[in-house]
Amino acid sequence: MGTSLVKGQNGPVAAARVVVSVRTEAAVDLSALLVTESGTVRSDADFVFFNQPVAPAWN
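Just so you know, we're using our numbering here: the sequence shown kicks off at 223 and counts up by one.
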C-alpha cells in the first residue's frame, strides 16, 4: 500500500510508525516535520532528514 506525492505536496499520516521508501533515478532530498494537532513542531528533534533519520517517539 502506498501513496504518491508530487513535489512540495504535504499530507497527514495517522500511523504510529512510518517507513518511507523512494525509487528514483534522480537525486532526491527528503525531509519531514512532525507536528502536533495544532500544526506546530515541539522542537528541532521533530525534523527528520538525512543526518537525523529518526525522530523521538511521541508520548
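For every residue, glycine included, the Cβ atom is placed at its ideal position computed from N, Cα and C.
Taking just the CA atoms, how far does residue j sit from residue i?
i           : j           : result
residue 276 : residue 257 : 14 Å
residue 282 : residue 265 : Coverage of the chain is limited to positions 223 through 281, which leaves residue 282 absent and any answer about it impossible.
residue 244 : residue 235 : 17 Å
residue 250 : residue 239 : 22 Å
residue 274 : residue 253 : 9 Å
residue 299 : residue 271 : Outside the displayed range of the chain (223 to 281) lies residue 299, so it cannot be described from this structure.
DSSP puts residue i in a beta bridge; with which residues?
i           : result
residue 274 : 271
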